[in-house]
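Chains as they are written, first to last, in this note's numbering: chain R, 3 to 118; chain Y, 1252 to 1362. Ideal placement from N, C-alpha and C gives every residue a C-beta, glycine not left out. Quick caveat: nothing in here was measured; it's all calculated off a predicted structure. This report concerns only the one structure given below.
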């Protein structure tokens, strides 16, 4: 149980285009979803926390207008990287939790974004 | 606020040897502590977690960790390393909703 999927697993796009990444909880209802970014050989940095039906809470330094997060249902959250640039190239990982506080997060397999 | 420090960005051991990955945390509230493993180009897999109760926690793949409040530590151990243990390991502490990760330790296993 507790499986989280991400789609696509990798994407290559041209600079200036927008890319959408989906995160789905397959066998549970995810009240809360999290989006992380991981640069090569570095740790995971939390970008934002989203609760179903409400606006995402972004971490300091993360541009809300650049990284659009939608959590419209209890099983789906999307991250859209708008007007992507090469510096946005990274590994994006989502996680999902059933509750709001202190519930275990289940991680997706990640999406590798390369912006040319 | 919570923080995690992993001592040693790279640990190398021989196959069959003891694995010890160090993690120290800082937390203003009783911590929930986690160890995750990450294989190349993959997400994170939970190895084990401490929430409350017994301070020695056993996880998957023969790993275990001991919560030591007096030392603010949560070191990860495995008695005998296997080649398949080669990966990146992350210690994390949970505060409210958020997980705060350490910098990670890359474990290399020598044949």
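Asked: Three Cβ pairs or more, each shorter than 8 angstroms: is that satisfied between the stretch 106-113 of chain R and the stretch 1252-1269 of chain Y?; Found: no
Asked: Can you pull the chain Y residues whose beta carbon is under 8 angstroms from the beta carbon of residue 110 (chain R), in chain order?; Found: 1294
Asked: Quick check on the burial criterion: 16 or more other C-beta atoms within 10 angstroms. Buried or exposed for residue 66 (chain R)?; Found: exposed
Asked: Is residue 45 (chain R) close to chain Y? Criterion is C-beta to C-beta, closer than 9 angstroms.; Found: yes
Asked: For residue 70 (chain R), which option in R:29, R:42, R:23, R:28 has the closest C-alpha, if you only look at C-alpha atoms?; Found: R:23
Asked: Whole beta strand (DSSP E) runs in the stretch 1274-1302 of chain Y with 3 or more residues, listed along the chain?; Found: 1283-1289, 1295-1301
Asked: Could you give the first and the last residue of the continuous beta strand (DSSP E) run that contains residue 16 (chain R)?; Found: Segment: none, residue 16 (chain R) is in no beta strand (DSSP E) and carries neither H nor E.
Asked: Assuming the contact rule is C-beta atoms closer than 8 angstroms, residue 1321 (chain Y) and residue 1275 (chain Y) should be a hit. Round their C-beta distance to whole Å, please.; Found: Going by Cβ atoms, the distance from residue 1321 (chain Y) to residue 1275 (chain Y) rounds to 12 angstroms, so no, they are not a contact pair.
Asked: Quick check: the stretch 1326-1338 of chain Y against the stretch 1275-1293 of chain Y, are at least 3 beta-carbon pairs closer than 8 angstroms?; Found: yes
Asked: Run down chain Y in chain order and give the residues with a C-beta less than 9 angstroms from the C-beta of residue 48 (chain R).; Found: 1349, 1350, 1351, 1352
Asked: Would DSSP call residue 72 (chain R) helix, strand or coil?; Found: strand
Asked: Between which two residues does the beta strand (DSSP E) carrying residue 41 (chain R) extend?; Found: That residue, residue 41 (chain R), is in no beta strand (DSSP E); it is neither H nor E in DSSP.
Asked: Based on the DSSP output, what are the partners of residue 9 (chain R) in its beta bridges?; Found: R:24
Asked: Taking C-alpha atoms, which residue in R:62, R:82, R:87 lies nearest to residue 96 (chain R)?; Found: R:82
Asked: Nearest by alpha-carbon distance to residue 8 (chain R): which of R:88, R:100, R:77, R:43 is it?; Found: R:77
Asked: To the nearest angstrom, how far is it from the Cα of residue 19 (chain R) to the Cα of residue 1272 (chain Y)?; Found: 42 angstroms
Asked: Any Cβ of chain R within less than 9 angstroms of the Cβ of residue 1307 (chain Y)?; Found: no
Asked: Can the beta-carbon of residue 48 (chain R) be found less than 9 angstroms from the beta-carbon of residue 37 (chain R)?; Found: yes
Asked: Give the straight-line distance between the Cα atoms of residue 55 (chain R) and residue 30 (chain R), rounded to the nearest whole angstrom.; Found: 17 angstroms
Asked: Tell me the DSSP secondary structure of residue 89 (chain R) in three-state form.; Found: helix
Asked: Taking 8 angstroms as the limit between beta carbons, can you name the residues of its chain near residue 1308 (chain Y), skipping five residues before and five after?; Found: 1299, 1300, 1301, 1315, 1316, 1317, 1318
Asked: Below 8 angstroms on the Cβ atoms is my guess for residue 1332 (chain Y) versus residue 1280 (chain Y); work out the distance and round it to an integer in Å.; Found: Residue 1332 (chain Y) to residue 1280 (chain Y), Cβ: 34 angstroms. No contact.
Asked: What residues in its chain sit with their C-beta under 8 angstroms from that of residue 11 (chain R), if we drop five residues either side in the sequence?; Found: 111, 112, 113, 114
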